[in-house]
Every structure is written in C-alpha cells, then in structure tokens.
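For reference, the structure is listed below as structure tokens.
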Amino acid sequence: MTVDCVVYAADGLAEWTDLAAARDAAGTTWVRVTAPTDAELDRVTEAYDLHSLEVEDVLGHVRPKTEEYDEHTFVLVKAATLQGGDVAFADELRVEQAGLFVGDDWLVTLEPERVAALDEVWERVHREEPRLASRGPDFTAYRCLDGVVDGYFSILDDIEDDIEAVEDEVVDAAGDDVLERINDLRRDLLSVRRLLWPTREAAGALARGDPEQIGEDAEKYYRDVYDHLVQLVDLVETYRDLTSGARDVYLNALSMSTNDAMKKLTVVATVILPLTFVAGVYGMNFEHMPELGWRYSYPAVMVGMAAMAAILVAYFRREDWV
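Quick note: the sequence shown uses the numbering used here, first residue 2, plus one each step.
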C-alpha cells in the first residue's frame, strides 16, 4: 500500500509528499499508487480530480480501453505474466490491471496489485529523468504501455516453446496427456487474445492522437506500440493454427493406431473362425460320423486346420495386413 510521487525536471528528480502541490510543480509529475487503502485512494482522486467511474473501472474487471475527460486521458491496461513451476505446461496466466491517467504535465498510475512492467519504468525514470523531463507525461505513459505490451511477447515465446514440445510428442510418441496439453495451450492463447484485442483498440486511439493530452511527438511512439499489438494478435492466430494442426495430427495418429489394432483383431478373428467351425462340427458327438472311425482322422483334421490357418495368414501378409 504505497503512494509514491516524483517530479522530474531539467535540474533533476525530486520526491514529493504533497500531491496537490506536486500537480502544479514545474516539470513532469508522476504519482504511482499501488494497492491503495480507501483513504489513500480518496487523497489521490481529490488531488487530481479523477472520476469515480474511472477508479471503479481500475479496481474492477473491465476490458482495456481509452477514454477522454476534460483535463486528462484515462487508459486502462492489463498486464499478463506466466506463473509456472518446473513442470512443463504447469504455467498459469496471471493478469494484473493498471489505470493510466495522463494530464497535461502529470501522470497518475493506479495499480490494484503491483505491476512488474511499471516497476521497470519507474526505475528507468529515476535513471533517465533529465532526458524524460522534456518528453512530458504522455511519453512516460507510452513507456508504461510499451512495457506491458512487451510482456506479451515473453508469454508468446513461452507458449511457442510449449507448442514445439507438444508437436515433438505428437510426432514421436503421442502420450495420453498430449490432447489435454494442446487444449490447455489453446485456452491460454484464447485468454491472451481476449486481452490483446481491446488493448489494440485502446492503443489505436492513442496512436491516432485522439486524446488532447497526447502530443504529436508521442504519437509515433504509440503507433509503434500499436504495431506491436497487431503483430501479437497475428502471432496468437498463427499459434492457434499450429495447435489446431497438432491436435489434428494427434487425433489422426490416434485414429490410425485404433484402426491398426482393429485390423489385427480382424485378422485373428478371421483365422480363428474356420478353425472354430471345424472344431464345432466334430464336437457335436453325432453317433454316425464315418470319418471318426478312420485311423488318420485326427491328424488329417489337424493338418487341414493348420493349412487353412496358413493360407489365411499368407493372404493377409500379401495384403499387408500383418
């Protein structure tokens, strides 16, 4: 539960505790609010005139979007990371939400839970504050959005590795859990896709320079973010096609394995059927069966049954069934 406020200007960076005064300070003000209490939230919203509906959206589960207000622009983003252990395919998609409130010379970021991507930008601001001072809050907001988007590339890299591993298993020796893994990957890709589509729309509004607070110099940077999001969406669609292909290969391999087993069972049944018929005929115990009195009847029947079996096996071999 923290509220950090820094003002970076040409002469350096300074930390402020008076949020209202920092809003009017010379330079660019960044107020970072992480897991705030109700009192801290009221303090920030009052100092920067944030609308209650905006704050409610950040604290709730709302899709990414961009909205314009009188004195600032509101951007809602969702950062995603894969939380996994040492076991492959045990990764879980963790989604964290953040709101960016971009004013003319100030930026407020609201994070219900700490977002790692914003940690990196925060550290970078402390290292590069002289250069950032001339860029304004719209450029700092771009850095935040770019960090969030870069996280999706890492996720898709991990998913690509998982897809390659699944494809190897499908080709080499399909395990019983391969189909479940493929379906898990497809669910992850669907979740990422649902996050990327509205994020792309939100970035598109910024790239066009629709909000007043986004300057012309910053538009090209937002266009770069938008291009990255388009690329990410294309990658998701490509990976979904790959998982569909892997699933089809697995199901075809499973079907071929089942057909092969049925073919072998058919051969066995076909070979046994005439032998069973002969054994059934001579097992009826009729009183008048002349051949039963013949001295060589038993070996003749055995030889005949063996010959029938051999002929059938030879036929199936020629047809490449066995």
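Backbone N, C-alpha and C fix where the C-beta goes; we use that ideal spot for every residue, glycine too.
Tell me where the alpha helix (DSSP H) around W322 begins and ends.
No alpha helix (DSSP H) holds W322; DSSP gives it neither H nor E.
What first and last residue would you give for the alpha helix (DSSP H) that runs through W198?
V179 to A208
Decide if R182 is buried, meaning its Cβ has at least 16 other Cβ atoms within 10 Å, or exposed.
buried
Helix, strand or coil for F140 per DSSP?
helix
Taking only three categories from DSSP, how would you classify D87?
Only weak support is given to the placement of D87: the predicted model assigns it a pLDDT of 40, under 50, and the value that follows is read from those uncertain coordinates. If DSSP states are grouped into helix, strand and coil, D87 belongs with coil.
From L60 to L197, what distance separates their C-alpha atoms?
19 Å
Between which residues of its own chain and G148 is the CB-CB distance below 6 Å, once the five residues before and five after are set aside?
A118, E121 and V122
For K66 and T18, what's the separation of their Cα atoms in angstroms?
30 Å
For V88 and I160, what's the separation of their Cα atoms in angstroms?
A caution first: V88 carries a pLDDT of 41, below 50, which makes its placement in the model unreliable, though a value can still be read off. In a straight line, the C-alpha of V88 is about 14 Å away from that of I160.
Do L108 and I156 count as a contact pair if the criterion is CB distance below 8 Å?
Against a cut-off of 8 Å, the Cβ pair of L108 and I156 comes out as no contact.
Terminal residues of the continuous alpha helix (DSSP H) containing E16?
No alpha helix (DSSP H) contains E16, which is instead part of the beta strand (DSSP E) from G13 to E16.
Using only CA atoms, which one of A142, V150, C145 and L190 lies nearest to I164?
L190
Determine the DSSP secondary structure at Q98, reduced to helix, strand or coil.
Looking at Q98 - three-state DSSP - the assignment turns out to be strand.
Is Y222 helix, strand or coil when you go by DSSP?
Reduced to three states, the DSSP call for Y222 is helix.
Since T31 sits in a beta bridge, which residues does DSSP pair it with?
Per the sequence shown, the amino acid found at residue 31 is Trp instead of Thr. Its beta-bridge partners are V7 and L108.
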